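The structure under discussion appears below in the form of structure tokens.
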């Protein structure tokens with residue numbers, strides 16, 4: 001049985017957050033960080049190893065997607081939003 | 001060219017130097033922000049619009065269109081970059097891989113609405129889907145039935161299709177709506193005749209966000225054996241829709257309202273019992289002959305991915321919308337009086353908030369809120385200053401219809417943006433009211449409606 005260890009989960013969580021914070025677009029960045037946090041929070045109670053593996057693979061898929069999309073977003077940067085300049 | 005700019009630069013810097021002599025303390029700032037300061041100094045006073053912030057405006061027009069979700073773009077890119085085959089090419093691998101992608105997307109769209117993939121037709125958008133539904137059904141069944149029922153608050157493309165059919169000799173009933181924007185089921189029942197071939201009523205209104213009782217309308221249409229078409233462009237992916245439970249026979253779907261690409265949409269058309277339509281476009285007979293033309297693989301893949309995400313994220317997104325809209329409304333209502341929400345506050349999609357700020361002219365408020373991308377109504381009619389026909393249909397007074405603004409929230413709207421927008425709206429409404437003589441009279445207790453305006 002090749003289960004997903006707690007360390008692996010923590011590590012992918014950190015990776016996802018770190019990558020999500022790199023989105024050049026303010027709205028995508030805010031959404032990605034919020035979505036990752038909420039998804040891990042909502043799935044905290046899962047104990048079934050099969051489910052955990054499924055969620056882990058989904059997180060992995062999203063991590064590679066985010067990395068690709070950060071590159072695309074970087075290619076076509078825009079000016080910052082009003083709200084980013086206020087903060 | 002060069003000489004021209006050579007002449008301009010010294011004269012400009014001379015003007016700036018003159019300014020910087022006046023207050024030498026911030027001469028660097030003046031040089032950087034010269035034009036901004038100049039325009040602000042030009043019209044001082046508390047009534048001037050002062051845009052202290054700079055940057056791109058915040059997007060608050062999710063009913064007009066939505067940004068493409070990065071996950072959708074990620075699904076589309078391979079079909080723009082690597083797999084360019086025509087999905088209708090049956091003789092080589094390029095065609096097969098594109099066809100497989102299109103069929104997968106068809107399944108994803110069908111999955112979201114509880115339909116069979118064979119019942120999904122890809123079109124260029126909800127406008128085309130509405131045209132095919134309304135004109136297609138009407139013309140196909142024209143020999144026996146020549147009556148169509150719709151509402152006064154439908155999208156322009158449905159109303160215009162009906163107008164075109166009127167020219168062809170069809171009879172159209174435009175149902176009125178109640179003050180909350182929802183149709184009266186008794187009106188609908190009365191409007192249905194044995195002559196009626198189609199009822200077309202939108203699920204969620206694009207301007208005021210009200211949800212029509214689709215399941216009840218579907219049941220009534222089924223019992224009277226009338227086809228039921230609904231324009232779900234604003235509803236799909238935001239509220240649960242099931243074509244079988246709601247007895248929907250035709251449904252229009254748009255890609256760019258659900259974080260998908262523009263230029264793609266779909267039409268759900270029931271197979272059992274079969275609904276027949278007369279195609280509008282002639283050609284190669286793609287999409288079961290109802291919509292000829294090569295299916296755009298990347299766009300279709302994008303629509304499929306958008307539907308897939310919408311299905312997964314619907315509950316999460318809806319909870320977020322409710323949180324944001326509640327926060328926004330609480331802020332507005334706590335600081336401003338005489339604010340009217342257009343449309344039913346309960347039977348509504350929370351991401352569409354249409355507010356009328358009494359004694360404020362809508363266009364001037366829009367101009368003042370230039371840091372926020374807003375609209376007074378639908379994008380199609382945003383160029384004209386006429387009050388929206390939707391607001392007129394729900395019985396909004398002319399002056400209130402002129403002062404309405406639609407706040408469209410979406411998946412990517414943040415709490416900070418909502419706070420910023422609410423704050424700015426409150427500030428500018430208060431400022432505009434302060435200079436309004438009408439507002440002054442209201443504060444003194446004069447009823448505006450009783451005033452006899454003298455004629456010149």
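Protein chains in written order, with UniProt numbering: chain P, 1 to 87; chain U, 1 to 456.
Glycine included, each C-beta is placed from N, C-alpha and C at the ideal position.
None of these values were measured; they are calculated from a predicted model.
Helix, strand or coil, according to DSSP, for residue i in the structure here?
i, result
"residue 102 of chain U", "helix"
"residue 13 of chain P", "helix"
"residue 88 of chain U", "coil"
"residue 80 of chain P", "coil"
"residue 265 of chain U", "strand"
"residue 203 of chain U", "coil"
"residue 66 of chain U", "coil"
"residue 276 of chain U", "coil"
"residue 338 of chain U", "coil"
"residue 373 of chain U", "strand"
"residue 228 of chain U", "strand"
"residue 33 of chain U", "A caution first: residue 33 of chain U carries a pLDDT of 41, below 50, which makes its placement in the model unreliable, though a value can still be read off. Helix."
"residue 333 of chain U", "helix"
"residue 71 of chain U", "helix"
"residue 170 of chain U", "coil"
"residue 27 of chain P", "helix"
"residue 26 of chain U", "Here the model assigns residue 26 of chain U a pLDDT of 45, short of 50, so the residue's position is not dependable, and the following value carries that caveat. Helix, per DSSP."
"residue 50 of chain P", "helix"
"residue 18 of chain P", "helix"
"residue 253 of chain U", "strand"
"residue 446 of chain U", "coil"
"residue 294 of chain U", "coil"
"residue 389 of chain U", "helix"
"residue 44 of chain P", "coil"
"residue 346 of chain U", "coil"
"residue 59 of chain U", "strand"
"residue 12 of chain U", "Note that residue 12 of chain U scores a pLDDT of 49, beneath 50, so its modelled location is shaky; the value from the coordinates is reported in the next line. Helix at residue 12 of chain U."
"residue 41 of chain U", "Residue placement at residue 41 of chain U is poorly supported in this model, since its pLDDT is 47, which falls under 50; the coordinates still yield a value, given next. In this structure, residue 41 of chain U counts as helix in the three-state DSSP scheme."
"residue 248 of chain U", "coil"
Applying a beta-carbon distance threshold of less than 8 Å, which residues of chain P neighbour residue i?
i, result
"residue 412 of chain U", "27, 28, 30, 31"
"residue 73 of chain U", "69, 72"
"residue 371 of chain U", "82"
List the residues of chain U whose Cβ lies closer than 7 Å to the Cβ of residue i, in chain order.
i, result
"residue 83 of chain P", "58, 416, 417, 420"
Of the residues the options, which one's Cα is nearest the Cα of residue i?
i, options, result
"residue 343 of chain U", "U:401, U:364, U:360, U:331", "U:401"
"residue 59 of chain P", "P:15, P:6, P:3", "P:15"
"residue 307 of chain U", "U:97, U:112, U:215", "U:112"
"residue 88 of chain U", "U:293, U:165, U:351, U:378", "U:293"
"residue 97 of chain U", "U:240, U:301, U:341", "U:301"
"residue 62 of chain U", "U:415, U:409, U:428", "U:409"
"residue 427 of chain U", "U:185, U:453, U:365, U:391", "U:365"
"residue 392 of chain U", "U:411, U:178, U:236, U:72", "U:178"
"residue 76 of chain P", "P:17, P:23, P:5, P:34", "P:23"
"residue 227 of chain U", "U:145, U:291, U:235", "U:145"
"residue 125 of chain U", "U:152, U:149, U:256, U:167", "U:256"
"residue 240 of chain U", "U:371, U:412, U:317", "U:317"
"residue 38 of chain P", "U:313, U:367, U:93, U:432", "U:313"
"residue 212 of chain U", "U:193, U:175, U:377", "U:175"
"residue 84 of chain P", "U:417, U:360, U:437, U:433", "U:417"
"residue 207 of chain U", "U:376, U:244, U:403, U:180", "U:376"
"residue 119 of chain U", "U:253, U:258, U:261", "U:253"
"residue 245 of chain U", "U:183, U:214, U:271, U:187", "U:214"
"residue 323 of chain U", "U:166, U:445, U:352", "U:352"
"residue 3 of chain P", "P:35, P:47, P:73, P:61", "P:47"
"residue 165 of chain U", "U:117, U:133, U:204", "U:133"
"residue 82 of chain P", "P:12, P:25, P:42", "P:25"
Using the beta-carbon of each residue, which ones in chain U are nearer than 8 Å to residue i?
i, result
"residue 80 of chain P", "55, 56"
"residue 65 of chain P", "70, 71, 74"
"residue 4 of chain P", "Simply none; closest approach about 21 Å."
"residue 36 of chain P", "Near residue 36 of chain P there are no residues of chain U at all, since even the closest Cβ is about 12 Å away, more than 8 Å."
For residue i, go through chain P and note every residue whose CB falls closer than 9 Å to its CB, in chain order.
i, result
"residue 231 of chain U", "Here the premise fails: no neighbours, minimum Cβ distance about 27 Å."
Show which residues of chain P have a CB atom less than 7 Å away from the CB atom of residue i.
i, result
"residue 327 of chain U", "Result: empty, since nearest Cβ-Cβ is about 15 Å, beyond 7 Å."
With a threshold of 8 Å between beta carbons, is residue i in contact with chain C?
i, result
"residue 344 of chain U", "Among the protein chains of the structure shown, namely P and U, there is no chain C."
Would the region 331–342 of chain U count as touching the region 137–145 of chain U if we require 3 or more Cβ pairs under 8 Å?
These segments do not touch.
**Item:** Every unbroken alpha helix (DSSP H) inside the region 391–441 of chain U [4 residues or more]
**Value:** List check, alpha helix (DSSP H) in window: 398–402, 415–434.
- Message: With a threshold of 8 Å, are at least 3 pairs of Cβ atoms found where one atom belongs to the region 96–104 of chain U and the other to the region 77–84 of chain U?
- Response: The region 96–104 of chain U, when compared against the region 77–84 of chain U, does touch it at the 8 Å Cβ threshold.
May I have a chain-ordered list of the alpha helix (DSSP H) segments no shorter than 4 residues that lie completely inside the region 93–159 of chain U? Counting only runs of 4 or more, we get 93–113, 126–140.
Q.
Would you call the region 218–229 of chain U in contact with the region 240–250 of chain U, where contact means no fewer than 3 C-beta pairs closer than 8 Å?
A. Yes, they touch.
Please give me, in chain order, every unbroken run of the alpha helix (DSSP H) with length at least 4 that falls completely inside the region 173–202 of chain U. For the region 173–202 of chain U, the continuous alpha helix (DSSP H) assignments of 4+ residues that do not extend past its boundaries occur at 185–191, in sequence order.
* Asked: On the three-pair Cβ rule with 8 Å, is the region 149–164 of chain U touching the region 271–280 of chain U?
  -> With the cut-off at 8 Å, the region 149–164 of chain U and the region 271–280 of chain U do not touch.
Taking contact to mean 3 or more Cβ pairs, one atom from each stretch, closer than 8 Å, check whether the region 60–69 of chain P and the region 66–74 of chain U are in contact. Yes: at least three Cβ pairs fall under 8 Å.
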